[in-house]
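Data first, discussion second: the structure below is written as structure tokens.
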Amino acid sequence: NAGVTQTPKFQVLKTGQSMTLQCAQDMNHEYMSWYRQDPGMGLRLIHYSVGAGITDQGEVPNGYNVSRSTTEDFPLRLLSAAPSQTSVYFCASSYSSSGQETQYFGPGTRLLVL
Amino acid sequence: GIQVEQSPPDLILQEGANSTLRCNFSDSVNNLQWFHQNPWGQLINLFYIPSGTKQNGRLSATTVATERYSLLYISSSQTTDSGVYFCAARRGFNTGTASKLTFGTGTRLQVTL
């Protein structure tokens, strides 16, 4: 299994540009999430999904859209990039089995907005 | 939402030393996990431990849910243990929001020779 994969690894955008961060998992996990990590802070939840066709907002959803058309993919769209969105973005997937839930993270996408 | 606080924020150890990292949370939880972020940024799950004690090699974790804290023990530390350790928790008693974890700000550990 490849686990959780993210593309691109690094991206530079100009203010106002839009882009999509890709996330895919091959573990058939029902739950997927997007987090951002800023210096000196923990990870903050942007959006999450509990299954195909079902998404919901996390702690910091403004400026981001998500969709979940398949179990495997969970793309994150930046509608109009702003310097405040400069961050490292992590995608995660998890499953619930026998009362255990464990999150698996992708390698991250480092985004710089000029 | 739930508040998650970790201490200490920074820790420097000599190789071979033991350490205890603490995570306090403000509400009842049904999901508590510990993660290690290595110096290259990769996040690895260490433990799923909403209550009780687990051990994995030199690492062990204990969560006392009634007192709202969790401890991560690292014994005989090695330089490869360096990085940031995060605690993450989800409030409540229901499933269905399995992805909605709240993270602490982490403990940065440096293990020196």
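Chains as they are written, first to last, in the numbering used here: chain C, 2 to 115; chain X, 646 to 758.
Don't be surprised by glycine CBs; every beta carbon is placed ideally from N, CA and C.
Keep in mind that this is a model prediction, so the values were computed, not measured.
- Here leucine 79 of chain C has Ser19, Met20, Gly64, Tyr65, Gln86 as same chain residues with Cβ atoms under 7 Å from its own Cβ, once five neighbours each way along the sequence are excluded.
- The DSSP-derived three-state label of serine 97 of chain C is strand.
- DSSP, read as helix, strand or coil, puts threonine 87 of chain C in coil.
- Within the region 670 to 703 of chain X, Asn676, Gln678, Gly686, Gln687, Leu688, Asn690, Tyr693 place their CB atoms closer than 7 Å to a CB of chain C, listed in sequence order.
- Of C/Val51, C/Glu73, C/Val114, the smallest CA-CA separation from asparagine 2 of chain C is found for C/Glu73.
- One thing to note: arginine 69 of chain C has its Cβ within 8 Å of the Cβ of alanine 53 of chain C.
- Looking at C/Gln7, C/Ser81, C/Cys24, the one whose alpha-carbon comes closest to that of serine 50 of chain C is C/Cys24.
- Phenylalanine 731 of chain X is not a Cβ neighbour of glutamine 700 of chain X, given a cutoff of 8 Å.
- Under the 10 Å beta carbon count, methionine 42 of chain C is surrounded by fewer than 16 other beta carbons and is classified as exposed.
- Closest in alpha carbon position to glycine 646 of chain X, among C/Glu31, C/Val5, C/Gly59, is C/Gly59.
- The beta carbon of glycine 728 of chain X is closer than 8 Å to those of His681, Gln682, Asn683, Pro684, Arg753, Leu754 in its chain, skipping five residues each way along the sequence.
- No Cβ-Cβ contact shorter than 8 Å links leucine 77 of chain C with valine 13 of chain C.
- Against chain X, the beta carbon of proline 62 of chain C has no neighbour under 9 Å; the closest one sits roughly 12 Å away.
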